[in-house]
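Have a look at the structure below, then the notes.
Chains as they are written, first to last, in the working numbering: chain S, 1 to 109; chain V, 110 to 920; chain X, 921 to 1234.
Put into structure tokens, the structure is as follows:
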């Protein structure tokens, strides 16, 4: 585990998202409640749409292009759609966001 | 007998002493030192004392007799100046007290936010009896007003008590909802409304800039400039461990005095207990773990093996009439599931958080009867898999199958005065009366009360009132609900937002018994629109409830890039504007396309370049064309009397005026207008949402056209003589659509639902027309602003990635 | 705590009686008359139709009613009351939704050294104003109270209105507006019991009973919570607050309460209220706390559900 500081929790609006550029592509950080965040690949498993632009609800994200819904916890597509997006470990410490760089680099390799 | 000295006579210290003297009265020769001039009392009950619901005498836990009868020497009202660890001596003003074992139990101090004026007389923390009496004295003055900074447990209890004492009270909270550590938005909303009903003013997202006054507190000023008069300011914005003695003596202090599992500090003869303690990076603010610590410490001192463990915590708000319970961990965790129960009539909200088939968190507002049962399950880690379906109903319902979730709950909860039919002013009581008098079908109710007899939008609601009153004898027609979160239709929700004056999304979720914690992509944008249309000055647009296009003010394309369309008023541009557009196109390597709406589209713009291209276009005097919005798109025109042989009126000028009037406002769906200079109709006005055909005698306004998947000609609305009347009628029509349309219904769909006759009736009444005209202006005062300029100034950084981790690597 | 064997205080309330509707009259359903035997004999055979006498008046006007001068008034038992030294009375109607369940009548004496007050606050123009009351010898306090009103949440009446629960205030001299507080302190008032009285027209109504230490309204007060939100689905009641001359405070020291006293239906005086849904008066007999010989209990409804029970021991 190599936790890297990527920014302040407050920089992401509640039920909103910001992206982080990495060697494994863009990662979207979602803030589902005041104190809860998830990190997934920004690319929709359907046609590569930018998931960070979708609407966040409960612990899911709906892709803005064709409305595929993914669980932010497991990365699995919901409903009748079949597919999966990669999820990454992320945590909050003292109001800062930390991503696990090792997991990202392993993914990029 | 060993000498035991305790610094601090708070609740942790008191409990420790109780355990010790009960187990072994002669084990120690005890001396207790306290800065407060008194012994231990139940500090937690200071709020009821403030409210007058308890007296101080009632909350004393150890009076002078208790200390005397247990041979405990007391030094009350004395502050410890230092501790000499070598000589094992505690030094107070004029005395040295020697110890064999020392316990530090100095508690916490209130955090006073360091704004200018924080040291004025009248600014107090809320910790001890002196603070409480200061508040009671302040309340006894004429026209007393208080400001409470910090809307957590303590601040709210204080506010209720001060209000009871007759003061005007304002609570300032720097977060979006009250008690945000323990409660989520919906429960925070319930708590806030209950407090506001008591005349306590609550301001959320309120940040104090300074406290001002001449020699004493006179007012509090917020960062946004708001001033609130106050003759007492209460700081309940958190507490900090009081660990200064620890630091002075040289024992290990992190955020607080560090202790091990036996409450021992880095000095083997010095212990610490209570809020001044840090254990495995945790500090403490609720009483339950302090009691655990006290037991462990007492055992340790008596030579009994024991070890401190952190356990689950629960909190209950002590404001009479507000039942609130919260326990466990309900904000974080992997793979968790929420079960939510709302009963709007009883103002009840319950939420359970489940992880790995175990209950890990619970919040209950309004009905806390089962709180102990749920808390027990949290503490025990009970496996709830078999009771998942009925869990939320509590212990009395386990094993049964009846679902208590009544789909008609929201309507059943409406008071009799709630207005169901806005057109005819019919309230629920009128309808239930008619039902009792024999009206058992929708038509009967219509005939008797006129409810749903005009525009028909409230039909669904009327049917639900019939269903609630008649039960199985009435069948509600199956109109599609908004989404899976509710059984109500759009029309129902719109009507209820107006009737119940719901002004926030959590209010809608709670009062209309939403089945999910915070909606879904179908209902969130719709509710967001309905709220901003009905309450333009009070509701703040929620960007996180908007589709990407409306959030980023550009159209997303299939490859994740965006299209940017600047406004071209009435289809007229200038050479300079064209040059600016061309320059931007070159700079950002855009594809250039002319649109059907008589303007130019720049395609292929990357998200992070949006603020830059907007800036360039703004500098040339152009604003967003809203090509993506549910609002005014374009007003197409033909050249009219400016140039055309056949032009009867200045269609171009009128089109530009209308576009300048209507742009920026949100509508249920996109709005497209056109103005033609003569009946040859070169700008195709008769297939638009609103079309105007100019004729010699004036202007013919028609509405409800379509030229997309449906093809439909407009229908005549009214003929007028002047441009001013066109402005009046078109604006009023648009506002009527805004206030009544279903989200995602184009005007032609809306017209067919409510009927053109009803629309004509509404708009023909000059008073009603002016009212709509004025309401539109009010909404525009908030919403008519260039989103590009707004985002460039205020949100530019949101278009950038949060971080770039590729910098160090080789690309 | 020490046991008090000879109470020195003189409770304000002398008589408590209950009237229940039967057909179209209010009939006697129990009472405690202390030593006023002659008055008792006259009372138990009475019945009142709507509008008749004090209980009938409360029934007809659908709100609490106070009477301070029996002579020449509509009070039917004026002569007997005068002989018993009773000079004022308040009738509190108990409504469950729109249905009248009972009328509780409390009668007080006129000893001038008795300081106590029973006030009726009603909603006027969105605030609570003093509709009526009697004040023993506290005339300045009475004058001060007539001129003020409380808004929602303010003062004891406002707090009871906002919380919609009975509240026992220990510091009544400093509760509420500046003007009233000064006079309350001068009159020696210390505790105040505030009761929310639900009425069929939904107009807010709060009855307060103010006590001075030597002449309390009653020697022991109890507030029981019978709401399902507190005790669960089966009908019972939990003691949530109280003060007793002998035992001191009656509330649970822990928060949330651990093993608070509970009352089951039909068991003990509170159990009687739970069972019948009516006010209850008891003189002697089992079930009363030690050293108390008489009590009355008032049920407080929310809509048609029994929500709270307030008990006063004389």
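All C-beta atoms, glycine included, are put in the ideal place defined by N, C-alpha and C.
Predicted, not measured: the structure shown is a model, and the values here were computed from it.
Assuming residue 877 of chain V is part of the beta strand (DSSP E), what are its boundary residues?
From DSSP, residue 877 of chain V is part of no beta strand (DSSP E) but of the alpha helix (DSSP H) over 875-892.
Nearest CA to the CA of residue 209 of chain V: which residue from V:202, V:698, V:380?
V:380
Where does residue 110 of chain V fall in DSSP's three states?
coil
For residue 849 of chain V, go through chain S and note every residue whose CB falls closer than 8 Å to its CB, in chain order.
None at all; the shortest Cβ gap to chain S is about 25 Å.
Nearest CA to the CA of residue 687 of chain V: which residue from V:726, V:719, V:717, V:542?
V:726
In chain V, which residues lie with their C-beta within 7 Å of the C-beta of residue 1087 of chain X?
162, 429
Check this for me: beta carbons of residue 823 of chain V and residue 795 of chain V, under 8 Å apart or not?
yes
Decide if residue 64 of chain S is buried, meaning its Cβ has at least 16 other Cβ atoms within 10 Å, or exposed.
buried
Residues of chain V with a CB under 8 Å from the CB of residue 101 of chain S: which are they?
914
So, does the CB of residue 1114 of chain X fall closer than 8 Å to a CB anywhere in chain V?
no
Would you say residue 214 of chain V and residue 116 of chain V are within 8 Å of each other, going by their C-beta atoms?
yes
I'd like to know if residue 7 of chain S contacts chain V, where contact means its C-beta is closer than 8 Å to some C-beta of that chain.
yes
When DSSP labels each residue in this structure, what does residue 889 of chain X get in the three-state scheme?
As displayed, chain X neither begins before 921 nor continues past 1234, which places residue 889 of chain X out of reach and without an answer.
Using DSSP with H/G/I as helix, E/B as strand and the rest coil, what is residue 57 of chain S?
strand
Return the first residue and the last residue of the beta strand (DSSP E) that residue 312 of chain V is part of.
309-312
DSSP three-state label for residue 480 of chain V, please.
helix
Chain X contact for residue 470 of chain V (CB, 8 Å cutoff)
no
Tell me, please, whether the region 222-230 of chain V touches the region 145-158 of chain V by the rule of three or more beta-carbon pairs shorter than 8 Å.
no
Specify the secondary structure class of residue 277 of chain V as computed by DSSP and reduced to three states.
strand
Residue 1003 of chain X touches chain V at which residues, Cβ-Cβ below 8 Å?
In chain order: nothing, as chain V lies at least about 40 Å away.
Tell me which residue opens and which closes the beta strand (DSSP E) that residue 451 of chain V is part of.
445-452
With the cut-off set at 8 Å, would you say residue 245 of chain V and residue 344 of chain V are in Cβ contact?
no
Which of the three DSSP states, helix, strand or coil, is assigned to residue 563 of chain V?
coil
How far does the beta strand (DSSP E) with residue 184 of chain V in it reach, from first residue to last?
182-185
Are residue 674 of chain V and residue 722 of chain V touching if we call contact CB-CB under 8 Å?
no
Check whether residue 932 of chain X and residue 1136 of chain X have beta carbons under 8 Å apart
yes
Span of the beta strand (DSSP E) holding residue 1024 of chain X?
1019-1029
For residue 397 of chain V, is the beta carbon positioned less than 7 Å from some heavy atom of the ligand HEM?
Of ligands this structure carries none, so the ligand HEM is not represented either.
So, with DSSP's three-state summary, where would you put residue 203 of chain V?
coil
List, in chain order, every chain S residue whose beta-carbon is nearer than 8 Å to that of residue 289 of chain V.
34
Determine which residues of the region 633-648 of chain V have a Cβ less than 8 Å from any Cβ of chain S, and write them out in chain order.
633, 634
Should residue 529 of chain V go down as buried or exposed, given a rule of 16 or more other Cβ atoms within 10 Å for buried?
buried
Give, in chain order, every residue of the region 84-100 of chain S whose Cβ lies closer than 7 Å to some Cβ of chain V.
none
What in chain X is Cβ-close to residue 272 of chain V, meaning under 7 Å?
1073, 1074
Residues near residue 551 of chain V in its chain [Cβ-Cβ closer than 8 Å; skip 5 each side]:
561, 568, 571, 572, 575
For residue 201 of chain V and residue 125 of chain V, believed in contact at Cβ under 8 Å, the rounded distance:
20 Å between Cβ atoms; not a contact.
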